[in-house]
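S.K.: Have a look at this one before I ask anything.
2 protein chains.
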Amino acid sequence: MTDLVALDDFDYRILERARRNNLEPARVTAEAVGLSESAVLRRLRRLRADGVIVRDIAIVDPARIAPHILIHVLVTMRSQEKAITDAFKRAMTAAKAVLGCWDVTGETDFLLTVAVPTMAAYEDFSQSELSSERGVRNFRTMIVIREVVGFDPSRVELT
Amino acid sequence: MTDLVALDDFDYRILERARRNNLEPARVTAEAVGLSESAVLRRLRRLRADGVIVRDIAIVDPARIAPHILIHVLVTMRSQEKAITDAFKRAMTAAKAVLGCWDVTGETDFLLTVAVPTMAAYEDFSQSELSSERGVRNFRTMIVIREVVGFDPSRVELT
DNA sequence: TATGAAATGCCATAACC
DNA sequence: GGTTATGGCATTTCATA
Chain A
26 MTDLVALDDF DYRILERARR NNLEPARVTA EAVGLSESAV LRRLRRLRAD GVIVRDIAIV
86 DPARIAPHIL IHVLVTMRSQ EKAITDAFKR AMTAAKAVLG CWDVTGETDF LLTVAVPTMA
146 AYEDFSQSEL SSERGVRNFR TMIVIREVVG FDPSRVELT
Chain B
26 MTDLVALDDF DYRILERARR NNLEPARVTA EAVGLSESAV LRRLRRLRAD GVIVRDIAIV
86 DPARIAPHIL IHVLVTMRSQ EKAITDAFKR AMTAAKAVLG CWDVTGETDF LLTVAVPTMA
146 AYEDFSQSEL SSERGVRNFR TMIVIREVVG FDPSRVELT
């Protein structure tokens, strides 16, 4: 299941379109890539079965519903013991406020991306989840002033 | 258009499902949330028209197609002059390798998320895009060893 | 094994109450 | 918001190369 999947140019062009709009009728996609409707639908089904397309989702703009603050946090752990880091990872996975968490190289151990409605909520989060009991030595908070490029996995080039 | 949109409980439950799977038939969603098929479809169309649902996409797993390296970069600029930072922002927006770019508070000015096929490609990127000509004083590279929580905007709580 | 074409069945759309 | 009739789209099956 971890094996790489071989794709031809048709697959790439179909993927490129599905990554932008997965509600596009196959008829339209077919004409754009130069295949029949049937072929496009077959390939899309195969791409999903093969795990190339992981899921199909609606992107919601949370800012349209309620104000929120985006924050990045650089976390340094007290130790590199597996038991401690594993526990921290599990806590980050469970924490609803955590949008992303990466184990990184360098002076710091983890980078977090956190979304909270208020700074008070962030204070609650940091005090409970970034505490010394969680194995955290210290952390550096970087509040997002402006999103220049919103994190967009669909920008990853596939070729 | 920047105004907040008021949603009721039905909208929230429909959104919750569409954020997980936007290909779910309205019939199924309707039964799950306790509405008729028509009502669900009407609400979804309204949510899209109001800009609550921004777009509908297929999520592709790039690792299934080709190996890639994920990197976070902390960037410090030479100056805060608008002309310089604006040019940098435009360069980051244009750079295909840049998945995300945020203007942040603290000692550093920008946080970048970059995806590249090889370290050589990252070297090319950093030499061309993170140069002093771009206004960059220095930058700190944090290579992602493991993705604990993959950046997922759908984790943002809407209430 | 992959394609294109045609018949079936499901789903969204639009116009009603 | 619910119901119904219409149109469109995906699915399936088949023939072909």
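Line by line, the protein sequences give chains A and B. Okay, so the first sequence: first residue is 26 according to our numbering, each after it adds one. Okay, so the second sequence: first residue is 26 according to our numbering, each after it adds one. Even for Gly, the Cβ is constructed at its ideal location relative to N, Cα and C. Source: prediction; values computed, not measured.
1. Compare the C-alpha of A:V181 against each of B:F35, B:I109, B:D34 and B:A91 and name the closest.
2. Is there a Cβ of chain A sitting closer than 7 Å to that of B:I82, yes or no?
3. Tell me which residues share the same chain as B:G125 and place their Cβ nearer than 6 Å to its Cβ, disregarding the 5 neighbours each side in the sequence.
4. Where do the ends of the beta strand (DSSP E) carrying B:R171 lie?
5. Beta carbon of B:A74, beta carbon of B:V65: below 7 Å?
6. For B:S157, which residues from the same chain have a beta carbon less than 8 Å from its beta carbon, with the 5 sequence-adjacent residues on both sides left out?
7. Report buried or exposed for B:R171, applying the criterion of at least 16 other Cβ atoms within 10 angstroms of its Cβ.
8. Please classify A:N47 as buried or exposed, where buried requires at least 16 other C-beta atoms within 10 Å of its C-beta.
9. What distance in whole Å lies between the Cβ atoms of B:F164 and B:V100, which are believed to be in contact at a cut-off of 8 Å?
10. Leaving out five residues before and five after A:E154 in sequence, what residues of the same chain have Cβ atoms less than 7 Å from its Cβ?
11. Given A:Y37, which residues of its chain have a CB within under 8 Å of its CB, disregarding the five upstream and five downstream residues?
12. CB A:V174 to CB B:R44, shorter than 7 Å?
13. Assign B:L124 to one of three DSSP states: helix, strand, or coil.
14. Between A:D134 and the rest of its own chain, which residues show a CB-CB distance below 8 Å, the 5 nearest in sequence each way excluded?
15. Quick check for students: name the residue ranges of the alpha helix (DSSP H) that lie wholly in the region 29-94 of chain A, counting only runs of 4 or more.
16. Strictly below 7 Å CB to CB, what residues from chain B border A:I170?
17. Please name the residue or residues paired with B:A140 in a DSSP beta bridge.
18. Following the continuous alpha helix (DSSP H) through A:R115, name the residue where it begins and the one where it ends.
19. By the 10 Å Cβ neighbour count, where 16 or more other Cβ atoms means buried, how is B:L29 classified, buried or exposed?
20. I think A:L40 touches A:L60, with their Cβ atoms under 8 Å apart; what is that distance to the nearest whole Å?
21. Use the C-beta contact count for A:R89: other C-beta atoms within 10 angstroms, 16 or more gives buried, fewer gives exposed.
22. Could you work out which residue in A:E132, A:V98 and A:R80 is closest to B:G131 when comparing CA atoms only?
23. If you compare alpha carbons, which of A:E62, A:A83, A:M144 and A:V123 is closest to B:R42?
24. DSSP beta-bridge partners for A:V129?
25. Run the proximity test for A:S157: is its beta-carbon closer than 6 Å to any non-hydrogen atom belonging to the ligand ZN?
26. State buried or exposed for B:M167, treating a residue as buried only when at least 16 other CB atoms are found within 10 Å of its CB.
27. Quick one: which chain A residues come within Cβ less than 7 Å of B:K15?
M.R.: Looking at the coordinates:
1. Looking at the Cα atoms, B:A91 is the closest of the given residues.
2. True, the Cβ-Cβ gap to chain A drops below 7 Å.
3. Taken in chain order, the residues that qualify are T138.
4. From DSSP, the beta strand (DSSP E) with B:R171 extends over V161 to V174.
5. In this structure, B:V65 does not lie closer than 7 Å to B:A74 by Cβ.
6. When the five nearest sequence neighbours on each side are left out, the beta carbons in the same chain lying within less than 8 Å of the beta carbon of B:S157 are those of R103, in order along the chain.
7. Burial call: exposed.
8. The residue is buried, with at least 16 neighbouring Cβ atoms inside 10 Å.
9. Taking a contact as a CB-CB distance under 8 Å, the pair B:V100 and B:F164 counts as one, their CB atoms being some 5 Å apart.
10. Same-chain partners within the cutoff: A116 and A120.
11. Annotation for A:Y37: L183 and T184 place their beta carbon closer than 8 Å to its own, counting only its chain and skipping 5 residues before and after.
12. No, the pair does not count as a contact, with Cβ atoms beyond the cut-off.
13. Collapsing the DSSP output to three states places B:L124 in a strand.
14. Counting only Cβ-Cβ distances below 8 Å, and skipping sequence neighbours, we find V100, T101, M102, Q105, T110 and D128.
15. Whole alpha helix (DSSP H) segments, 4+ residues: 34-45, 51-58 and 62-74.
16. Neighbours of A:I170 on chain B, chain order: D128, V129 and T130.
17. In the DSSP assignment, B:A140 forms a beta bridge with B:L95.
18. That run of the alpha helix (DSSP H) goes K107 to A119.
19. By the neighbour-count rule (16 or more Cβ atoms within 10 Å), B:L29 is not buried but exposed.
20. Not a contact, Cβ separation roughly 13 Å.
21. It counts as buried.
22. Nearest option by C-alpha distance: A:V98.
23. For B:R42, the closest alpha carbon among the candidates A:E62, A:A83, A:M144 and A:V123 is that of A:A83.
24. BP columns for A:V129 point to B:V169.
25. With respect to small molecules bound, the structure shown includes none, and the ligand ZN cannot be examined in it.
26. The residue in question, B:M167, is buried, as its Cβ has 16 or more Cβ neighbours within 10 Å.
27. Outside the shown range of chain B (26 to 184) lies residue 15 of chain B, about which nothing can therefore be said.
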